[in-house]
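There are 2 protein chains.
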Amino acid sequence: MRTGTELTKRSPGRPRGFNPEEVLEKVRGVFLAKGFTGASLDELAAAAGLNRPSLYAAFGDKEQLYIATLRFYGAKSIEGLDAILAGPGTIQQRLARVYSAAIDVYTAPPHRPGCMIVGTAAVESPTYPRIGEAAAELLSAIEKSLERGFAASDLPKKPAPAARARMAGAIMYAIAIRARLGAKAADLKAFASSMVPTICA
Amino acid sequence: MRTGTELTKRSPGRPRGFNPEEVLEKVRGVFLAKGFTGASLDELAAAAGLNRPSLYAAFGDKEQLYIATLRFYGAKSIEGLDAILAGPGTIQQRLARVYSAAIDVYTAPPHRPGCMIVGTAAVESPTYPRIGEAAAELLSAIEKSLERGFAASDLPKKPAPAARARMAGAIMYAIAIRARLGAKAADLKAFASSMVPTICA
DNA sequence: TTGGTTTTATGCGATACGGTACAAAAATAC
DNA sequence: GTATTTTTGTACCGTATCGCATAAAACCAA
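See the structure below:
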């Protein structure tokens, strides 16, 4: 590849040996399994395939790294949510697909991690308010996505799409909690299926 | 007081200088605010008003102390739940009272701690399976209590009381999460009020 | 080649943590 | 009173932790 075709302007000095987004994805697994306080920088650096000073230089301290990971994970999740809600089928079918996909992720072996926001960020909120704020923003964004889905559906406008979204979000968070506490995917899917008609009533 | 009137038979050796249940109550505040991993034995011992060896002798290691606290807290919560559900009024009124009381506790200053099970136990489940098991048992007991309330009500038997209880529990867990992430009590109460008719439909 | 700049890698250093050993204290049993 | 038993308090040990200091490595510019 010729230099002129490269869009990324290379700054002087030694280039990074890693892609920041790939690092966030690898680090996410550790935070998701162990939580913010339970994850050590050694584990995080090992999972990312680099050493602590590199992590530190790229993302700042552990709290900043966690928040960056949380936001990255949240953005990806909302993309997936929007994609399913914009897909084919009735709103009931799409909502059921949202829950099914979420439950598959939440109950993935070996850790049944649930959701990173609900399962790991919430506990830190009193001690690390910035984590709590970021998590609250993400839950709000998730409910906004659901609200768009309901608003674009043919459901009656009472209850309001925002009210349906709060309810649908609440069911999602509860599923995430129960998944992390060991609930079986089949039970969670049965519960979700039973809730879809109620949310869409 | 004469020795004969004392029901508790004193065993030989120096008596304890503390009441175990009172210690669990004091320790609960630290676990609730900081979580299991985030709470240090120094903080826990200081909150309990005793020193680490005494804590250790009475309750075992930190994990056992946390689980004892969690079970104690859960039992107290379920007592309160049963009491409200056995009180006067329609099931709708009683359920609304349950949520209102929970929200008052969940949003108490200064930490807005939410629920200990949802807010602090869930995160530890992958790393400390016994904590996860204890937490799952408590959620199950909470839903059993709700189920008893619905079964004893005059609501139609379809949906089944157990299904109503799962839904009511899910709403409770979601409220606990949002409380810990900073949601205002008024917003949570409005949400809970909007859900009561749906749960009791 | 020489100099400037940024990223790596090793390693350190101070602290905090969980858990326990050990001796003093406070009660009962004889 | 003496012995026994249990709890209490201090002090300690080994380890894990976070964050950084320092120097080598890898790139660009001239």
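Quick mapping for you: the protein sequence lines, in order, are chains Z and R.
FYI, in the numbering used here the residues of the first sequence are 7 to 207.
FYI, in the numbering used here the residues of the second sequence are 7 to 207.
Glycine included, each C-beta is placed from N, C-alpha and C at the ideal position.
Computed from a predicted structure; not experimentally measured.
Taking all protein chains in view, the Cβ of Z:R172 is crowded by 16 or more other Cβ atoms within 10 Å, so the residue is classified as buried. By the Cβ criterion, the region 145-158 of chain R is in contact with the region 94-108 of chain R, since at least three pairs of Cβ atoms, one from each stretch, lie closer than 8 Å. Nearest to Z:L71 by C-alpha distance, out of Z:P203, Z:I90, Z:S17, Z:V29, is Z:V29.
Shown here, R:A158 sits in coil according to DSSP, grouped into three states, outside any helix or strand. Each of R:P94, R:L61, R:M178 was checked against the Cα of R:A158, and the nearest Cα belongs to R:P94.
Per DSSP, R:V124 is not a residue of any alpha helix (DSSP H), being assigned neither H nor E. Closest by C-alpha distance to Z:E27, out of Z:S17, Z:A64, Z:A45, is Z:A64.
In this structure, the alpha-carbon of R:P162 lies about 9 Å from that of R:A207. Membership of R:D110 in the alpha helix (DSSP H) is indicated by the continuous run 97-112.
Per DSSP, the continuous alpha helix (DSSP H) segment holding Z:D48 begins and ends at 47-54. Counting along the chain, no alpha helix (DSSP H) covers R:P94, and no H or E run does either. Secondary structure of Z:L76 (DSSP, three-state): helix. For R:L187, there is no enclosing alpha helix (DSSP H), as DSSP marks it with neither H nor E. R:T113 places its beta carbon less than 9 Å from that of R:K190.
The region 110-130 of chain Z and the region 170-186 of chain Z touch, with no fewer than 3 CB-CB distances between them shorter than 8 Å. In this structure, DSSP gives R:Y134 a state outside helix and strand, which the three-state scheme calls coil. Take R:A107, set aside five residues on each side of it, and the residues of its chain with a beta-carbon closer than 8 Å to its own are G86, I90, in chain order.
Sequence-distant partners of R:K195 (beyond 5 residues in either direction) whose C-beta falls short of 8 Å from its own C-beta, in its chain, are Y105, S106, I109.
In this model, Z:T126 and Z:K68 are separated by some 14 Å (Cα to Cα). In the three-state reduction of the DSSP assignment, Z:S83 falls in the helix class. With a 10 Å radius around the Cβ and a threshold of 16 neighbouring Cβ atoms, Z:P135 comes out exposed. Contact of Z:T96 with chain R is not assigned, every C-beta pair being separated by 9 Å or more. Excluding sequence positions up to five before and after R:G138, its CB lies within less than 8 Å of the CB of A127, A128, E130, S131, P132, all in the same chain and listed in chain order. At least 9 Å separates the CB of Z:G35 from every CB of chain R. In the DSSP annotation of this structure, the continuous segment of the alpha helix (DSSP H) that includes R:A63 starts and ends at 58-65. Residue contact with chain R for Z:S200: present (Cβ-Cβ distance below 9 Å to some residue of chain R). Look at R:R22 here: in three-state DSSP terms it is coil, with no helix or strand label. Pairing Z:V33 with Z:T75 gives a Cβ-Cβ distance under 9 Å. Only those residues of the region 128-154 of chain R whose C-beta falls short of 9 Å from the nearest C-beta of chain Z are listed: A128, V129, E130, S131, P132, T133, P135, G138, E139, A141, A142, L145. Taking the CA atoms as reference points, Z:G66 sits about 23 Å from R:L187.
The Cβ atoms of R:A176 and Z:A176 sit closer than 9 Å to each other. Taking 9 Å as the cut-off, the beta carbon of R:L47 is found no closer than this to the beta carbon of R:I84. Interface residue (Cβ-Cβ distance to chain R less than 9 Å): Z:F156 is not classified as such. Neighbours of R:G125 in chain Z, taken as residues whose beta carbon is under 7 Å from its own, are A128, V129 in chain order.
With a contact defined as Cβ atoms closer than 8 Å, Z:L38 and Z:A51 miss out at about 16 Å. Excluding residues up to 5 positions away in sequence, nothing lies with its Cβ nearer than 6 Å to the Cβ of R:A192 in the same chain.
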